[in-house]
Amino acid sequence: MAILEKKTYKGLTEETAIQLVKELELFPVHAELTAREIGDGNLNYVFRITSEENSVIIKQALPYAKVVGESWPLTLKRAKIEADALVKHGEYVPAFVPKVFRTDEDLAITIMEDLSHLKIARTGLIEGEYYPNLAKHIGQYLAKTLFHTSDFALHPFEKKRLAAAFSNPELCKITEDLVFTDPFFNIDTNDYEPELQSDVEEIWNHTELKIAAAKIKQSFLTEAEALLHGDLHTGSIFASEEETKVIDPEFAFYGPIGFDVGQFFAHLVFQVIVRKGEDREIIINQIDEVWQEFYSVFSELWESKGVDPFTKVDGYREVFLAKVFDDAIGVVGCELIRRTIGLSHVKDLDGIEDSAVRLKAKRAALSLGTYLILKKASIKTIKQFITTIEEFTA
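Reminder that position 38 of the sequence shown reads as 37 in numbering that gives the first Met the number 0, one-by-one numbering, no gaps.
Here's what the structure looks like:
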């Protein structure tokens, strides 16, 4: 899907972004265009190009993470992986991903559908908004993208070809470090409030917890089950009451299905932690709904589209989905801990202004995360998972 002859990478500006879309004839020749940078500029430049009648988004990968500096280089290949993942997932869930119009690997850019009429789900949830279709849509997104890119739906040669094409070692290393390793050790990149020092040291000194986390990490490292989004949280989803669009799959790779499921679970759990009363029950119900929808749609696809002979063996589907659920619970635990004391936090917790309330919420996240990692084998149903969440976040 390359669009231009080979060029040397150079960061776009608002002016050169306009020049680019003109060269590509994405707008009428005489259209008056404006450009505005709308990203945070940490990992990517994001520009919105508009005319009176139309608009597009240009996303360009940066060669390093600004939050750390040039000492933390990032591969520009992630732009191609992100675009290719959007296209591949779009084959199965076109309603839930933005349309990709153009890409250029040399410039590390993707030009795609403008979703500015929607709101980032995390922002909306923090503001107390309710997205009645979010859980159902994400359950369908997970089931369809993960089933259709797995060995259950693909010829082994095609699955292995895709796994090679989506090899993403640099960004996987970020996940391996920031999610599964660094929070469990005294690493300089960890970031937490001084009041949590004793809580953090308890995690660092907990050998059984470290071993359990190491097992979860090993699954992430070795189990190439399906093409994952790789970073599926509420900040990677645009939503309204009617629509849901999943964005930013630059961490896409072939990994364990439970990773994507667990990541999304975890970011709903953050909302359970910070909400009260009926608002809290809404999110708890969404946790239940996303799993029920995922389970139902995945099961239907298993029965109707499965090509692996073992999909016809009674009981195997239940065994596999139980494994997915177990993996997901472990990922939830790791994600709760890392987003509380690791390098990259969530506004759900950090945005709480009252320090006492904020620290209580973070301690709840750490306690629940620890329990889920250690006891995930005893949590076999979504009802048990929800009960556990309620007990630790009351």
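Note that the Cβ used here is the ideal one computed from N, Cα and C, for glycine as well.
Backbone CA spacing between L220 and T369 [nearest angstrom]: 21 Å
Classification of P62 by the beta-carbon crowding that lies within 10 angstroms, buried from 16 upward: exposed
Endpoints, the alpha helix (DSSP H) within which A16 is located: E13 to E22
Backbone CA spacing between K135 and H29 [nearest angstrom]: 43 Å
Own chain partners of K143 with C-beta closer than 6 Å, once the 5 adjacent residues on each side are dropped: Y91 and V92
Cβ distance (whole Å) where A225 is taken to contact T148 below 8 Å: 5 Å
Stretch pair the region 291–300 + the region 223–237: three plus CB contacts closer than 8 Å: no
Segment contact flag, the region 74–82 with the region 156–173, C-beta cutoff 8 Å, min 3 pairs: yes
C-alpha distance - E389 paired with V330, whole-angstrom precision: 18 Å
Buried or exposed by the 16-neighbour rule on C-beta atoms within 10 Å, applied to P217: The question names Pro, but residue 217 in the sequence shown is Gln. Q217 is exposed by the Cβ-count criterion.
Where I56 falls: helix, strand or coil (DSSP): strand
Proximity of E242 and L124 at Cβ, strictly below 8 Å: no
Cα-Cα separation between V45 and I57, rounded to whole angstroms: 6 Å
With 16 other Cβ atoms within 10 Å as the buried cut-off, status of E194: exposed
Under 8 Å between C-beta atoms of F258 and C171: no
Nearest candidate by alpha-carbon position, reference W71, set E126, E169, L335 and F151: E169
Secondary structure, alpha helix (DSSP H): runs of 4+ residues fully inside the region 101–168: 120–125, 133–147 and 155–164
Minimum C-alpha distance to L145 - residue among D176, I210, I215 and G89: G89
Residues that R337 bridges to, as DSSP identifies them: According to DSSP, which records beta bridges pairwise, R337 is partnered with nothing at all.
Endpoints, alpha helix (DSSP H) assigned at R274: Where R274 is concerned, there is no enclosing alpha helix (DSSP H), given that its DSSP letter is neither H nor E.
Closest Cα partner of F391 within the set K375, A364, K374 and I372: A364
Closest Cα partner of I336 within the set G350, V356 and S366: S366
Delimiting residues of the beta strand (DSSP E) encompassing H225: Here residue 225 is Ala; the residue named in the question, His, does not match the sequence. Segment A225 to L227, the beta strand (DSSP E) holding A225.
Cβ-based neighbour list, K158, same chain, cut-off 6 Å, excluding 5 preceding and 5 following: D150
Rounded C-alpha distance that separates A1 from G234: In this prediction, A1 has a pLDDT of 47, which is less than 50 and means its spatial position is unreliable; what the coordinates show is noted afterwards. Cα to Cα, A1 sits roughly 28 Å from G234.
Limits of the unbroken beta strand (DSSP E) element including I48: N43 to T49
Beta carbon of E375 nearer than 8 Å to that of R121: First, the amino acid is wrong: residue 375 is Lys here, not Glu. No. Outside cutoff.
Host alpha helix (DSSP H) of I215 (start-end): T206 to T221
Close Cβ partners of F384 (< 7 Å) along its chain, the five nearest in sequence each way excluded: I328 and I378
Supposed contact pair L177 and L342 - C-beta distance, whole angstroms, cut 8 Å: 6 Å
Ordered list of beta strand (DSSP E) runs contained in the region 238–309, each at least 3 residues: 243–245 and 252–254
For L133 and P97, the rounded distance between their alpha carbons: 16 Å
C-alpha distance - E334 paired with L75, whole-angstrom precision: 26 Å
Proximity of F179 and K209 at Cβ, strictly below 8 Å: no
CA-to-CA distance, T109 to T7, given in whole angstroms: 16 Å
P72 - partner residues in DSSP beta bridges: Y63
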